[in-house]
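**Q** Mind looking over this structure? Questions follow.
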Amino acid sequence: GCFWYWLLELEGCQIPEDLDTLYLGSAACGCEEDVDGRGCQVWNWLVKYDVSLYWETTSDKMFSKYLTSLYFTVETLTTVGYGDIQPTNDTERLYSIILSLIGALVFAFCIGSISSLAAQGNKTEIAVEEALRELTDFFRYRPVTREFQHQAKQHIFQLARRAPYKFNPVLGTLPVRIRNLLIDNVTVDTVSTIQIFKAMDHNTRAEIAWLLTPQLLRPKEFLYRVMDIGQAMYFVVRGELELLSPDESRVVSKAGPGEFVGEIPLFYHSFPNCCRDSSVRARGNVEVLELTKDDMVQRIKPFFPDIYEALREFAKSRLEFVPIPILKAMFRSKMKSRVMEIEKQRNAYVLQRRKMSRAAMSYYQRGKDGSLASNRAASLTASSMLSWGEPATAGMIPGQVGWGEELLKGPP
393 GCFWYWLLEL
403 EGCQIPEDLD
413 TLYLGSAACG
423 CEEDVDGRGC
433 QVWNWLVKYD
443 VSLYWETTSD
453 KMFSKYLTSL
463 YFTVETLTTV
473 GYGDIQPTND
483 TERLYSIILS
493 LIGALVFAFC
503 IGSISSLAAQ
513 GNKTEIAVEE
523 ALRELTDFFR
533 YRPVTREFQH
543 QAKQHIFQLA
553 RRAPYKFNPV
563 LGTLPVRIRN
573 LLIDNVTVDT
583 VSTIQIFKAM
593 DHNTRAEIAW
603 LLTPQLLRPK
613 EFLYRVMDIG
623 QAMYFVVRGE
633 LELLSPDESR
643 VVSKAGPGEF
653 VGEIPLFYHS
663 FPNCCRDSSV
673 RARGNVEVLE
683 LTKDDMVQRI
693 KPFFPDIYEA
703 LREFAKSRLE
713 FVPIPILKAM
723 FRSKMKSRVM
733 EIEKQRNAYV
743 LQRRKMSRAA
753 MSYYQRGKDG
763 SLASNRAASL
773 TASSMLSWGE
783 PATAGMIPGQ
793 VGWGEELLKG
803 PP
């Protein structure tokens with residue numbers, strides 16, 4: 393605005409006095425006054441816009457002149473251009489060109505800055521959106537039901553809401569003391585609500601909280617089922633879990649906030665203690681924290697052996713009341729059903745190979761004795777097909793007693 397006002401004083405452009413400036417768009421400067429100083433009139437953008445304002449010299453009118461200059465500048469920079477103020481000579485036109493270019497650059501810079509700010513966003517939100525996009529791409533090319541899709545996406549949202557530090561790696565760059573303070577503060581409404589963690593010092597609580605993964609269960613959703621391989625234990629934050637009998641016919645017990653389930657397989661690796669001894673499902677909406685077996689062995693055991701031993705003794709006490717005979721009987725039944733199809737295919741394979749072996753022996757003997765010379769070629773072909781070349785069958789005739797038996801008796 394100041395520069396546009398300065399143009400009024402920069403160049404004294406004059407045009408012939410007889411020209412009517414009311415409808416005059418532009419005119420060439422260069423009028424010469426006569427000896428009496430007449431015959432010319434001043435010509436600039438303000439004269440064309442408001443000639444009476446140009447000749448005013450009072451302080452309030454000076455402010456009006458500057459406001460008019462600022463008005464023209466803003467209209468040019470914002471590319472509005474109402475057209476009520478126009479340059480009237482070459483100097484003003486040149487300045488208008490420069491001002492228009494500056495306005496375009498400023499506008500582009502503003503748009504670029506706003507776009508950059510919008511694209512940056514929150515790091516955690518970006519990580520969540522990226523995880524959701526990857527899930528969407530996965531579901532697009534694979535037949536996954538909507539229910540399972542919803543569960544997977546729900547887990548991403550729950551993880552971002554309860555453990556945002558798992559999405560943002562910046563905490564790994566902080567000193568351990570500061571990181572632990574931050575994690576302890578972030579998990580104050582989850583980890584710190586569990587009584588066994590609440591009694592610990594904040595450093596231990598933060599180190600364990602770093603390992604815990606929040607999960608949200610819907611009503612009647614199973615956390616795990618009987619005979620599943622145990623890979624994690626779970627701490628209840630909110631809601632209530634139902635522990636069912638091995639046949640899932642009745643509720644044996646319940647686990648509420650502050651309690652934990654599924655710890656036995658983390659300390660015992662032999663059958664059947666490595667498997668779940670019961671099915672566990674959510675009574676309503678239940679929020680739990682998951683501690684995996686790997687983290688228990690690799691992190692808790694070496695750095696917090698007292699906690700590891702305390703949980704191990706708890707699991708040992710709970711194991712005394714597990715109905716092992718009933719579980720073993722049930723496990724045997726389930727194991728039999730699991731391998732039933734494998735045994736069926738194995739028996740079919742053995743019967744087929746033995747049948748082929750007897751047929752090959754028949755052709756071989758008849759061709760060897762000469763009773764059926766036309767079968768000699770078929771006999772040799774069958775013999776070469778069934779002679780596997782393994783040490784267990786080398787030198788033996790197909791169909792001979794013991795032929796191929798060693799292979800059938802070998803390890804699966």
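In short: position in the sequence shown from 1, add 392, done, that's the working numbering. Cβ atoms here follow ideal geometry from the backbone N, Cα and C, with glycine treated the same way.
1) With a floor of 3 residues, list each beta strand (DSSP E) that falls wholly inside the stretch 649-701, ordered by position along the chain.
2) Got a sec, what are the start and stop residues for the beta strand (DSSP E) L633 sits in?
3) One question on the structure: do A674 and P611 come within less than 8 Å of each other, judged by their Cβ atoms?
4) Can you tell which of V678, D669, G564, L743 has its C-alpha closest to the C-alpha of P717?
5) Please check the pair F614 and S662, which I expect to be a contact at CB under 8 Å, by giving their CB distance rounded to whole angstroms.
6) Spatial neighbours of I586 within its chain, please: CB distance less than 6 Å, with the 5 preceding and 5 following residues excluded, ordered by chain position.
7) Using DSSP bridges, identify the partner residues of C432.
8) In terms of alpha-carbon separation, which member of Q406, G654, N560, V580 lies closest to E424?
9) Please work out which residues of its chain come closer than 7 Å, Cβ to Cβ, to L604, disregarding the five sequence neighbours upstream and downstream, and give them in chain order.
10) Of the choices R642, R617, E655, whose alpha-carbon is the least far from that of A624?
11) Please classify V439: is it buried, with 16 or more other beta-carbons within 10 angstroms of its beta-carbon, or exposed?
12) With the cut-off set at 8 Å, would you say L635 and V653 are in Cβ contact?
13) So the alpha helix (DSSP H) Y446 belongs to, where does it begin and stop?
14) Using a threshold of 8 Å, state whether the C-beta atoms of E409 and Q433 are closer than that.
15) Drop a sphere of 10 angstroms on the beta-carbon of G564, count the other beta-carbons inside from all chains shown, and report buried for 16 or more, exposed for fewer.
16) List the whole-angstrom C-beta distance separating L524 from L491, where the pair is believed to meet the contact cut-off of C-beta under 8 Å.
17) Which runs of the beta strand (DSSP E) fall wholly inside the stretch 697-735 and span at least 3 residues, in chain order?
18) According to DSSP, is K612 helix, strand or coil?
19) Under DSSP, the alpha helix (DSSP H) around V578 begins and ends at which residues?
20) Assuming Q550 contacts P606 under a Cβ cut-off of 8 Å, what Cβ separation, rounded to an integer in Å, is found between them?
21) Compute the beta-carbon to beta-carbon distance between E632 and V678, rounded to the nearest angstrom, for a pair I have assumed lies under 8 Å.
22) Would E599 and N572 be called neighbours here (beta carbons separated by less than 8 Å)?
**A** Taking the structure as given:
1) 672-674, 678-684
2) Taking the first residue of the sequence shown as position 1, residue 633 is located at position 241. 633-636 is the span of the beta strand (DSSP E), which, as asked, contains L633.
3) On the sequence shown, residue 674 is found 282 positions in, with the first residue counted as 1. On the sequence shown, residue 611 is found 219 positions in, with the first residue counted as 1. Contact flag set, yes.
4) If you number the sequence shown from 1, residue 717 lands on position 325. The candidate whose alpha carbon is nearest that of P717 is D669.
5) Position 222 of the sequence shown holds residue 614. Position 270 of the sequence shown holds residue 662. Not confirmed; about 25 Å, so no contact.
6) Locating residue 586 in the sequence shown gives position 194, where the first residue counts as 1. Closer than 6 Å at the Cβ level, and outside the excluded window around I586, lie F627, G650.
7) Residue mapping note: residue 432 aligns to position 40 of the sequence shown, counting from 1. Its beta-bridge partners are P408.
8) Looking up residue 424 in the sequence shown gives position 32. Here the closest residue by C-alpha is Q406.
9) As a working mapping, residue 604 is identified with position 212 in the sequence shown. Hits under 7 Å: V583, L681, E682, L683.
10) Looking up residue 624 in the sequence shown gives position 232. That would be E655, whose Cα lies nearest to the Cα of A624.
11) The sequence position of residue 439 within the sequence shown is 47, counting from 1. The residue in question, V439, is buried, as its Cβ has 16 or more Cβ neighbours within 10 Å.
12) Along the sequence shown, read from residue 1 onward, the residue named residue 635 stands at position 243. Along the sequence shown, read from residue 1 onward, the residue named residue 653 stands at position 261. Contact flag set, yes.
13) For the purposes of this step, residue 446 is identified with residue 54 of the sequence shown, where counting begins at 1. 443-447 is the span of the alpha helix (DSSP H), which, as asked, contains Y446.
14) As a position in the sequence shown, residue 409 is number 17, starting the count at 1. As a position in the sequence shown, residue 433 is number 41, starting the count at 1. Contact: yes.
15) Within the sequence shown, numbered from 1, the residue matching residue 564 stands at position 172. G564 is exposed by the Cβ-count criterion.
16) Residue numbering aside, residue 524 sits at position 132 when the sequence shown is read from its first letter. Residue numbering aside, residue 491 sits at position 99 when the sequence shown is read from its first letter. Actually they do not touch by this definition, with Cβ atoms about 47 Å apart.
17) none
18) For the purposes of this step, residue 612 is taken as residue 220 along the sequence shown, with counting starting at 1. The answer is coil: DSSP assigns K612 none of H, G, I, E or B.
19) Stepping through the sequence shown from its first residue, residue 578 is reached at position 186. 568-578 is the span of the alpha helix (DSSP H), which, as asked, contains V578.
20) As a first step, residue 550 must be located in the sequence shown, where it is residue number 158. As a first step, residue 606 must be located in the sequence shown, where it is residue number 214. Confirmed, Cβ separation roughly 6 Å.
21) The count along the sequence shown starts at 1 and reaches residue 632 at position 240. The count along the sequence shown starts at 1 and reaches residue 678 at position 286. Their Cβ separation, rounded to whole angstroms, is 7 Å, which keeps E632 and V678 in contact under 8 Å.
22) As a working mapping, residue 599 is identified with position 207 in the sequence shown. As a working mapping, residue 572 is identified with position 180 in the sequence shown. Yes.
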